[in-house]
Structure formats: C-alpha cells, structure tokens
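Trainee:
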Amino acid sequence: MNRFAYVVGENISTDLIHPPNFFSLDKNIRKQGLLHGYNPEWAKTIEPGSVIIAGHNLGCGSSREVTARVFADRKIKLVCALSFARIFYRNMVNLGIPIATITSRIPWQEGSKVTIIYDEENQTISAQEGQHIELAPPSPFARKIISQGGLLNSIDNLFQVNHHG
Amino acid sequence: MAQSLTSKILARHTLRQDGDHLLISYDHLLLHDATGALLIEPFRKLGKPLAHPERILAAADHFVPPATAERAEILQQYLDFTLELAGIRRSPFTGICHQIMVEDPLVGCGQFIIGADSHTIMAGALGNLACGLGSTDILFSMVTGFTWLAPPKILKLKLQGNQTTTIRGKDIALQILHTLGTTTYADYAFECVDATTTKLSMDSRFSLACMGAEMGAAFFTIVHDEITATFLQAKGVKTPAILADHNAHYDARETIQIPSEPLVAIPPAPWCVEPAKDLKHIPIHQAFVGSCTGGRLEDIADTVAIIKGKKVATNVRLVVIPASKKVYLDALEAGYISEIIKAGGIVDAPSCGPCGGIDKGIIGSGQNMIATSNRNFPGRTGPGDTYLASALVTAASAITGYITDPREFAP
Ligand code: SF4
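Sequence lines, in order, name chains L and S.
Using the working numbering, read the first sequence as starting at 1 and increasing by one per residue.
Using the working numbering, read the second sequence as starting at 1001 and increasing by one per residue.
1. Taking the C-alpha atoms as reference points, what is the distance between Phe1220(S) and Pro1262(S)?
2. Got a sec? Which residues, its chain only, sit under 6 Å from Ala1123(S) by beta carbon, not counting five neighbours each side?
3. Which residues, in chain order, does the stretch 46–58 of chain L contribute to contact with chain S at a C-beta distance below 7 Å?
4. Identify every run of the alpha helix (DSSP H) within the stretch 1075–1126 of chain S, keeping only runs that are complete inside it and at least 4 residues long; order them along the chain.
5. Quick check: does the Cβ of Cys1131(S) come within less than 7 Å of any heavy atom belonging to ligand 1?
6. With DSSP run on the structure shown, which of helix, strand or coil describes Tyr1250(S)?
7. Any heavy atom of ligand 1 inside 7 Å of the beta-carbon of Asp1080(S)?
8. Pro1275(S) lies in the beta strand (DSSP E); which residues open and close that run?
9. Per DSSP, Trp1148(S) is paired with what?
10. Of all the CB atoms in chain L, is at least one closer than 8 Å to the CB of Arg1375(S)?
11. Can you find a CB in chain L that lies within less than 8 Å of the CB of His1224(S)?
12. Evaluate contact between the stretch 1028–1039 of chain S and the stretch 1052–1066 of chain S, counting only Cβ atoms and requiring at least three cross-stretch pairs below 8 Å.
13. Just how far apart, CA to CA, sit Ile53(L) and Arg1375(S)?
14. Considering only residues of the stretch 1170–1254 of chain S, which uninterrupted alpha helix (DSSP H) runs meet the minimum length of 4 residues and lie entirely inside it, listed in chain order?
15. Just list the residues that DSSP pairs Thr115(L) with in beta bridges.
16. Where Ala72(L) and Ile97(L) are concerned, what is the direct C-alpha to C-alpha distance, given to the nearest angstrom?
17. What does Asp15(L) touch in chain S if you count any residue whose Cβ is under 8 Å from its own?
18. Could you check what DSSP says for Asp1137(S) in three-state terms: helix, strand or coil?
19. Assign Gly1379(S) to one of three DSSP states: helix, strand, or coil.
20. What did DSSP end up calling Ser63(L) once you bin it into helix, strand or coil?
21. State the DSSP-derived secondary structure class of Asn1368(S), mapped to helix, strand or coil.
22. One question on the structure: do Leu1133(S) and Ala1150(S) come within less than 8 Å of each other, judged by their Cβ atoms?
23. Is any heavy atom of ligand 1 found at a distance shorter than 7 Å from the C-beta of Ile1096(S)?
24. Which same chain residues, not among the five before or five after Ala1218(S), have their C-beta less than 7 Å away from its C-beta?
25. Check for me: the beta strand (DSSP E) holding Tyr1387(S) runs from which residue to which?
26. Given the structure, does Asp1104(S) come close to ligand 1, in the sense that its CB is under 7 Å from one of the ligand's heavy atoms?
27. Would you say Ile1337(S) faces chain L, with C-beta separation under 8 Å as the test?
28. Spatial neighbours of His1021(S) within its chain, please: C-beta separation below 6 Å, excluding the five flanking residues on both sides.
29. Going by beta-carbon coordinates alone, are Ile125(L) and Val51(L) separated by less than 8 Å?
30. Is there a Cβ from chain S that is less than 8 Å from the Cβ of Phe22(L)?
31. List, in order along the chain, the chain S residues whose C-beta lies closer than 8 Å to that of Phe71(L)?
32. From the DSSP output, in three-state form, read off Phe1288(S) for me.
33. Quick one: which chain S residues come within Cβ less than 9 Å of Gly149(L)?
34. Verify whether the separation of the beta carbon atoms of Cys60(L) and Asn11(L) is less than 8 Å.
35. Find out if the Cβ-Cβ distance for the pair His1285(S), Val1316(S) is shorter than 8 Å.
36. Starting from the Cα of Gln1111(S), find the closest Cα among Arg1055(S), Pro1350(S), Tyr1250(S) and give me that residue.
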C-alpha cells in the first residue's frame, strides 16, 4: 500500500513539531499544529497513515506531551528518526505511538514528500525509484509498552504497584 | 566496585530491574499548571490513588497571571485539581517550579527527582539525579510510585579555569554547548565537578544545570562540595553528602575550560554560540532577565550593577521577572527592584513570562530579544529571534539597544 512520507531534517525541536500557540486542551486546535513550525502547508495537508522521517535529535526541547500526542491525533502511521531526544522518545513510547530508529542513510532531501511503501514486517521503507531506508525497532521494554497501547494501559498488566517504595 | 555518584543514587532508588530497564522510586515529583492541566482528565479516567502524595510539589507558574481567557481557565482547572489531591505540597504563585523545588527545605542532595517539565534537571545542581518527563510518565509515577529508565551512560565533566568577573554559569553552559553540541552525549548522565579556582556560585550552578536540558543530558548532577553544603545548610538540610568513589568508572570524560569572554547563543539553537563582542550589529527590541535559567538573585544583582543610574535605550523593553517569591523579596530588600524601575525596566510577578512563548512578554515577528532564558529555537519565545546570554550581557544590551559585551561597562 502506497503512503506518503514527510522528510524533515536534523534537530527538529518540539517548537517546530508543535508550536506553543497550538497548545490547547481542545484537540481540534492541537491537531492543526502538526509540524506547523516546520512547514505550515504540511500542517494542513499531512494525510492519516503517513510516515514521518527525521534526522538526529528529533523532538529536542520541551517536555510538552502534546508534541507527541499530535502524531496520534493525526493518525500518523510511524515516526522514524536517526535519533530521538530523550523526553520526546519517552512520550512517544508512553502514548503507544509507533516509532523506529533509522539505521541507514536517508536518501531523500529534507523538506520533501515522498510516495513510499512501509514494510512493517521487514522494517524497511522504500520508494519507487528503489531508494530505501532500514529501521530498527525500539528496545524490548519500550516495545512492550507500545504493544499495550501505552504506559497507562500497561500499569495493571506489566507492573506490580508497590506503594511502599 | 568503585562507583560514580550517579550509580550510587540510582542504586539507592532502584526498586527492581525489568529486562533492559530499571524501575526507580522518587523523592519528589514536580507539577506545574501548563503540563499538570493535561493530567486532569487521564488521572480521573485512571481512577487510581496517589502512591506518595507527600512527595508531590505542585507549582503554578506558566500562566501566572494568565494572559488570555483560555489560559485563565486552564490555570483554574489545574488549581482546583491540585486542591483535590489530598496530602500534596501545593505552592502556587510562589515562583517558577524549578526554583521553588531547590528552595524547598525537603529537597536535599542524593535524591531522585522527577517533574513534568524538562528543566527539572536543574535540581541536579544540588547533587541530585533530577529529570523532566512528559505528562503520561508523570501520571504513571504519581500512581505507581516509580518511573522507568534504561541505565544511562555516565559522562564525567570537569570544569576548569579561572572565572573572571563577567563570566557566569550561563556562559559556561554555552561554552559546553559550543564544545560538545547536543548529540555527542545525548541521554548521558552528566556528572559535573567544579574544579575551577574560584568555584561557581550556587545561582550560577543552577543556571548551568538547567541548560543540561539543552545539552541533551538525561541528568546534570553537580558533585556536592562546600558551595552546595553552604546552600543546603542555610535552608536547614541535614542529609549527608554522597560523593563519587575515587577511581569510579565513567563511560566518557570531558574537561571544559571556563570561557574567557561573555558568550551569546544566536538563533536557531542554544548550541550556536558566538562571543558577545562580535554581535554589536544586532539591534534588540527586548531584553529579558528571568526564567529558571536566569531569574535568580545573582542575575538581578548583575542587571542592577550594569543599569544603575542609567536608562534603558529608547524603544527597548527591559523585562525583569524574578524566578520566585523569595528571589523577588530578596531583590526588593536589596533595593534592586527600584533601580530597575528607575532605569525604565518592567518588573513582573514571579512566573515563566515569555520564556516558554506562551505568556506575557513574548516578542513579535521581526523583533530581536536578548534573554537569560534557555531556548531560542524558532517560535519558542514568539515569532521573533531570541539570543541567549547571561544577565550581564542582557542588561548591557538593554542600555545600548544592541548586543553588548558587558566589559564595555566595567568600572
Ligand atoms: S522559565 Fe521557561 S524553561 Fe523554565 S519552567 Fe518556565 S517556561 Fe520552562
């Protein structure tokens, strides 16, 4: 199945992913902020089921969780990057949003929109011209949480709560 | 085996290992209005009790006082919510959450601290492991009493050199960002030793540890010494210091020389650093002294040392926001606030102000701001361009109207 991948560059901060003026308790306002700081046109048009491809240090900056939640709000299929900033990475795992680390070179220019096929089983993303990237899944612990649909859904299944710790 | 300070604190707080991760208990958990408000609905939905209410410190600082009707509503929802949480430590309107955390007499050294804000890392300046987490992480910890963590790699960071009268913690943070960038040691626990001849003040250390967030550090712990001891004693903390063992293992080591001249981070990121003296061509519209990185008494005293008896440049806004009620009262008592007002500055109540780009004092497009805050990513503090510097540089720039090396004002 063809889908679109949106390619962004290095050090894409949470302020570019979701500018502070889209911070709201209203999901409909929040939704409009996706990558608005990077490309306001994309913010309007990114289709559900799309894939985001980023360079190193994706999500550096604020701990505001809306910057992760917005990917779920917009039904993004996968967010992959050469590396993730720490809190952003945790937020994505905690919300159960699929992520992967890119282990190969990114052949597409930043700022481009590419038609791709995402092969979930083999963890690759390929375009018609034969260009492709390889992915590595997050750690087993993170995978366990994502597969439960996020951290809060995992409490009863994965953790014994100890109130005397 | 000889252990680092980081490993010791982690070991003391580890409840158990879960595969490749540790489950860690915390001594303090920090909430504030902007991210705390996001917890209300999921907390009610979850329907579980708090594991350790007495370990929770709830500030209100981002929307204080609120600049829009929507923020007033968010703030009120949050305040009402924290009232429902019996047994927590509420401290609304007393300052920026990270500052009231380090002022809190229950916050000592050797502790594990988490908070719903990335700059929670600042409490590491007292010899703690402190880190910021997102809302879901925090909610999880509120009800379970622990958090999850992959054991971090540890960087021993040594500060060396001679601190001159115009160099502050902010300059050192910028020097580190300039030298190491933000990805080389991403996710490492930084264990920082102050081996400078003069030793950094506690206020400078807070400002330095705060910017550990921009360095990509998981933790930024400053190893306990006599400066830490004096600060902790003054607030009545009696916990004995924990130190690293001699010959402890570190995954990496770096030595940073104290910069010889005041530095400025230029847009678009805190790691784009230039000497202040090379930026005279940048006119400014606003100078902001405040935030958890640069709104303490040292910063306000520095501001006054520069502006006393002078006037802020025409058409430039000098906005000063003390980081906490205590800082505000101390500044009032020292006579600093009246000097700022006489020089034409604007003083606001303890809060985040324009730092997070969501409250009073943000800048418009085409405007330049020089600020003691911590981030200058595009859009962070409004649509304009933000330059990051110490209070000395910021105040000097407020007087001239362009980015200025404070050594020009030296007596
Ligand atoms: S002062 Fe700025 S960085 Fe600090 S908590 Fe407030 S918004 Fe965040």
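All residues carry an ideal CB built from backbone N, CA and C; glycine is no exception.
Mentor: If we stick to the structure as given:
1. 22 Å
2. Met1101, Val1102, Ile1113, Ala1130
3. His56, Asn57
4. 1097–1103
5. no
6. coil
7. no
8. 1273–1275
9. Leu1023(S)
10. yes
11. no
12. yes
13. 24 Å
14. 1202–1210, 1226–1234
15. Phe4(L)
16. 6 Å
17. Gly1357, Arg1375, Phe1377, Pro1378, Gly1379, Arg1380
18. helix
19. strand
20. coil
21. strand
22. no
23. yes
24. Cys1131, Pro1152, Asp1187, Tyr1188, Ala1189
25. 1385–1388
26. no
27. no
28. Trp1148, Ala1150
29. yes
30. no
31. Those within 8 Å of Phe71(L) in chain S number zero; the least Cβ separation is about 13 Å.
32. strand
33. Here the premise fails: no neighbours, minimum Cβ distance about 12 Å.
34. yes
35. yes
36. Arg1055(S)
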